[in-house]
Structure formats: structure tokens, C-alpha cells
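Shown next, in C-alpha cells, is the structure this report addresses.
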Amino acid sequence: MTRKTDVATRALIVTLKSSLGGKTTAEIAEITGISTRTINSIYARAIERGFNPNHRPLTLRDEYLRDAGRAGRPKKQTDERRDEVIAKLRIRDFCHYSVEDPSKSWVPEDEADQEAWIDEENEASPA
Numbered sequence: 001m002t003r004k005t006d007v008a009t010r011a012l013i014v015t016l017k018s019s020l021g022g023k024t025t026a027e028i029a030e031i032t033g034i035s036t037r038t039i040n041s042i043y044a045r046a047i048e049r050g051f052n053p054n055h056r057p058l059t060l061r062d063e064y065l066r067d068a069g070r071a072g073r074p075k076k077q078t079d080e081r082r083d084e085v086i087a088k089l090r091i092r093d094f095c096h097y098s099v100e101d102p103s104k105s106w107v108p109e110d111e112a113d114q115e116a117w118i119d120e121e122n123e124a125s126p127a
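For the sequence shown, UniProt numbering assigns the number 1 to the initial residue and increments by one for each residue that follows.
Structure, rendered in C-alpha cells:
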């Protein structure tokens with residue numbers, strides 16, 4: 001599994017690899033501890049997004065270094081809908097949901113459960 005690089009590290013890689021930095025991919029790998037393959041892909045992605053290593057002054061923009069979108073199925077439930085459901089649950093007092101800390105969430109016990117408890121010994125004895 002590859003290590004995720006932060007924006008500052010990607011900026012360093014792109015700067016060092018540009019003609020202004022003058023470092024080879026192997027030298028950058030030694031400096032940063034990141035594989036040459038990752039370095040080359042970060043640099044290529046920056047160029048695809050509009051980075052021009054020959055332009056002076058050298059300009060690095062966030063869009064050149066931004067994280068790529070993640071693959072996978074998108075959420076079905078929007079944040080607005082989730083908040084609406086939580087609000088309805090709070091109103092109806094079915095549960096207490098803590099958005100900040102899920103460990104503080106709880107479902108109140110139903111008093112009827114306590115009243116409906118049956119002692120098995122009493123049920124087994126003849127009346």
C-alpha cells in the first residue's frame with residue numbers, strides 16, 4: 001500500500017524535479033523517501049493539470065497538486081437528509097444521537113420491558 005503524500009511534499013517534488021530545481025528523480029527519492037514511480041506520477045499529474053516547468057517565474061497552484069477524486073460508490077444519503085432523519089428521531093424521542101461523539105448515543109430502555117419481565121420459577125409452579 002502506498003503512503004499518501006501531503007500537498008507540501010508534492011510541491012517539493014514538483015519544484016525539485018522542474019528545471020529550476022535540477023534534481024533527478026533518484027535524488028528526489030533519496031531526499032524524500034518516496035518511490036521514483038510516485039515521484040514521476042506526481043510530476044506528470046502536475047503537468048497534465050497545467051504546470052509549466054519552463055515558465056518564469058515558476059508558478060505552483062493548488063490545482064496542480066490537489067488530491068485526485070476517489071473511486072467508489074457515492075453516498076446515497078445526503079448530509080441534509082441525514083440531519084433531517086436525526087431531527088425527527090430526536091423529536092419522537094426514539095433515541096438520543098450524538099453527531100459529535102457516537103459513543104454518547106443511546107437508546108432509552110422501554111419501561112414496558114421491565115414491567116413485562118416474567119419470573120420463570122413462578123410460571124412453572126402450579127397456582
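C-beta: ideal position from N, C-alpha, C; glycine also.
Just so we're clear, the structure is a prediction, and the values are computed from it rather than from any experiment.
GLY33 to ARG90 span [Cα, whole Å]: Looking at the two C-alpha atoms, the distance is approximately 50 Å.
Nonlocal neighbours in the same chain, by C-beta distance under 6 Å from LEU20, ignoring five residues either side: Around LEU20: LEU58.
Terminal residues of the alpha helix (DSSP H) in which ASN52 lies: Unbroken run through ASN52: none, as it is neither H nor E.
Cα-Cα separation between ILE39 and GLU27, rounded to whole angstroms: In this structure, the straight-line span from the alpha carbon of ILE39 to that of GLU27 is close to 11 Å.
Reduced DSSP secondary structure (H/G/I, E/B, other) of LYS76: Under the three-state reduction of DSSP output, LYS76 falls in the coil class, being neither helix nor strand.
Nearest-angstrom Cβ-Cβ length linking residue 135 and ARG49, presumed shorter than 8 Å: With the chain represented from 1 up to 127, any question about residue 135 goes unanswered, as that position is not in the structure.
Residue burial classification, ILE31 (beta-carbon count within 10 angstroms, cutoff 16): It counts as exposed.
With 16 other Cβ atoms within 10 Å as the buried cut-off, status of SER18: With 16 or more Cβ atoms within 10 Å of its Cβ, SER18 is classed as buried.
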